[in-house]
Amino acid sequence: MFESGAAAEVLAAATALAGLGPAVDDAARVDRIRALEELKAAAAAAQARDAADLYRSRCEAEAAAGVPARERGRGVASEVALARRESPHRGGRHLGLARALVDEMPHTLAGLEAGRISEWRATLLVRETAVLARADREAVDEEVAAGLDELERLGDRALVARVRQVAYRLDPRSVVERARRAEGERCVTVRPAPDTMAYLTALLPVRQAVSVQVALQRSAETARCAGDERSRGQVMADALVGAVLGSAGATPVAAVAPVPSAPDVAVQLVMTDRALLGGDDEPARLDGIGTVPSAWARDVVARTLEEDGRVFVSRLLLDPLGAVVASESRARCAPPGLARLVRLRDG
Numbered sequence: 001m002f003e004s005g006a007a008a009e010v011l012a013a014a015t016a017l018a019g020l021g022p023a024v025d026d027a028a029r030v031d032r033i034r035a036l037e038e039l040k041a042a043a044a045a046a047q048a049r050d051a052a053d054l055y056r057s058r059c060e061a062e063a064a065a066g067v068p069a070r071e072r073g074r075g076v077a078s079e080v081a082l083a084r085r086e087s088p089h090r091g092g093r094h095l096g097l098a099r100a101l102v103d104e105m106p107h108t109l110a111g112l113e114a115g116r117i118s119e120w121r122a123t124l125l126v127r128e129t130a131v132l133a134r135a136d137r138e139a140v141d142e143e144v145a146a147g148l149d150e151l152e153r154l155g156d157r158a159l160v161a162r163v164r165q166v167a168y169r170l171d172p173r174s175v176v177e178r179a180r181r182a183e184g185e186r187c188v189t190v191r192p193a194p195d196t197m198a199y200l201t202a203l204l205p206v207r208q209a210v211s212v213q214v215a216l217q218r219s220a221e222t223a224r225c226a227g228d229e230r231s232r233g234q235v236m237a238d239a240l241v242g243a244v245l246g247s248a249g250a251t252p253v254a255a256v257a258p259v260p261s262a263p264d265v266a267v268q269l270v271m272t273d274r275a276l277l278g279g280d281d282e283p284a285r286l287d288g289i290g291t292v293p294s295a296w297a298r299d300v301v302a303r304t305l306e307e308d309g310r311v312f313v314s315r316l317l318l319d320p321l322g323a324v325v326a327s328e329s330r331a332r333c334a335p336p337g338l339a340r341l342v343r344l345r346d347g
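According to my numbering, the sequence shown is numbered sequentially starting from 1.
Rendered as structure tokens:
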């Protein structure tokens, strides 16, 4: 299978790794784990370069053979999938990642080659900039990934928040449009789990998802306070089945706790007064979700006022660097006219 010289060298290196003896002490074990992690990242970068080069070479050959532009390179994703022992779908994702890294995000690719970031973190950078034009994606790559020391200090969630903040500053319209289009992708899926179980997953707008979660949590709290011996998770799962299927889906273990029909849900949305009332583009922050576009946040406030008739506002006090240092102890109910103001201003 490994006929080329380069592939044979890689195979020889893999064979050498398989023959490594045990480390002499714990410090050596930790050092080797780090070195192997950096090697994995460098290998992922090499795979990305080869996949992108394969796609480019195949497109050039097919162009010379007169193949229409829309059909060039169609089979490359399947070849990548076969080489990586992955499904064709994942092969397409790997090829997309490779092309983005090689063609548009050189700093991220350099960090991967140096072993400073993992393939997963490179995937996060590519994923969060997918909506941007090429020039803006390159600008995000320059601003976020050029400084590898700072990049290494960020956790995954902090990295995603940082990329979203920069992307929104560069092209707020595309980010807002992406958030609005995402609501059209809501769905429910099922996938198998071990021991004759299954995962039921719902992709929902965040307001609805938070409302469902709070309703199920309250159902669990009510049942357990009444002496129900099921765990919190069991009560929530049974309540969900009961709410959807009614008596037909009742669990034989115990009665299903009812789900509140209209829970009073608190969605913690943090934004400046300039963003809420002045149309400023400064991003907002949604508790448990992260950075969100200010236009999307204003739309959530307006829709909540129109549908529920009230929104409670608490003032936060910031220091000169923007860190929260204090909060009011009471919340004020925003007037219904605020929704009309936001709608009139934002269209």
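Glycine included, every Cβ here is placed at the ideal spot set by N, Cα and C. Owing to the predicted nature of the structure, the values given are computational and were not obtained by experimental measurement.
- For Ala202, the enclosing beta strand (DSSP E) has its first and last residue at Met197 to Leu203.
- In this structure Arg332 is in contact with Phe312, their Cβ atoms being roughly 7 Å apart against a cut-off of 8 Å.
- Going by C-alpha positions, Ala223 is about 34 Å away from Glu185.
- Note that the C-beta distance between Leu276 and Arg298 is below 8 Å.
- Counting every other CB atom within 10 Å of its CB across the protein chains shown gives Leu286 a total of 16 or more, marking it as buried.
- Secondary structure note for Thr291: its beta strand (DSSP E) is the uninterrupted segment Gly290 to Val292.
- Apart from sequence neighbours up to five positions away, the residues of its chain that approach Ser327 with a beta-carbon distance below 8 Å are Ser314, Arg315, Leu316 and Leu317, ordered along the chain.
- Minimum Cα-Cα distance from Pro22 among the listed residues Pro88, Ile33 and Leu200 corresponds to Ile33.
- Looking from the CA of Ala14, the closest CA among Asp228, Gln217, Leu36 and Arg93 belongs to Leu36.
- Here Val188 is exposed, its C-beta having fewer than 16 other C-beta atoms within 10 Å.
- The alpha helix (DSSP H) runs lying completely inside the stretch 57-133 and spanning 4 residues or more are 76-83, 88-104, 106-113 and 119-128, given in chain order.
- Ranking Arg116, Pro172 and Ala8 by CA distance to the CA of Ala145 puts Arg116 first.
- Cβ neighbours of Ala122 within its own chain (closer than 6 Å, five residues either side excluded): Thr108 and Leu112.
- Assignment of Ala331 by DSSP, reduced to helix, strand and coil, places it in the coil class.
- The Cβ atoms of Ala202 and Val190 do not sit closer than 8 Å to each other.
- A direct Cα-to-Cα measurement between Pro88 and Gly73 gives close to 14 Å.
- Inter-segment contact for the stretch 134-154 and the stretch 74-85 is absent: fewer than three beta-carbon pairs are separated by less than 8 Å.
- In this structure, the straight-line span from the alpha carbon of Glu128 to that of Glu104 is close to 13 Å.
- The C-alpha of Glu138 is placed about 11 Å away from the C-alpha of Ala130.
- Contact check between the stretch 289-298 and the stretch 164-175: three or more CB pairs, one atom from each, fall below 8 Å, which counts as touching.
- Val126 and Ala16 have their C-alpha atoms roughly 33 Å apart.
- Here Val24 carries a coil assignment [DSSP, helix/strand/coil].
- Assigned with DSSP and collapsed to three states, Arg34 falls in helix.
- Buried is the label assigned to Gly242, since at least 16 other Cβ atoms lie within 10 Å of its Cβ.
- Secondary structure note for Pro172: its alpha helix (DSSP H) is the uninterrupted segment Pro172 to Ala182.
- For Thr189, no alpha helix (DSSP H) encloses it; the enclosing beta strand (DSSP E) starts and ends at Cys187 to Ala193.
- Judged by DSSP in its simplified three-state form, Arg285 adopts strand.
- Val311: member of the beta strand (DSSP E) spanning Val311 to Val313, first to last residue.
- Cα atoms of Leu20 and Asp26: separation of roughly 16 Å, rounded to the nearest angstrom.
- According to DSSP, Leu317 shares a beta bridge with Ala326.
- Here DSSP, grouped into helix, strand and coil, assigns Leu154 to coil.
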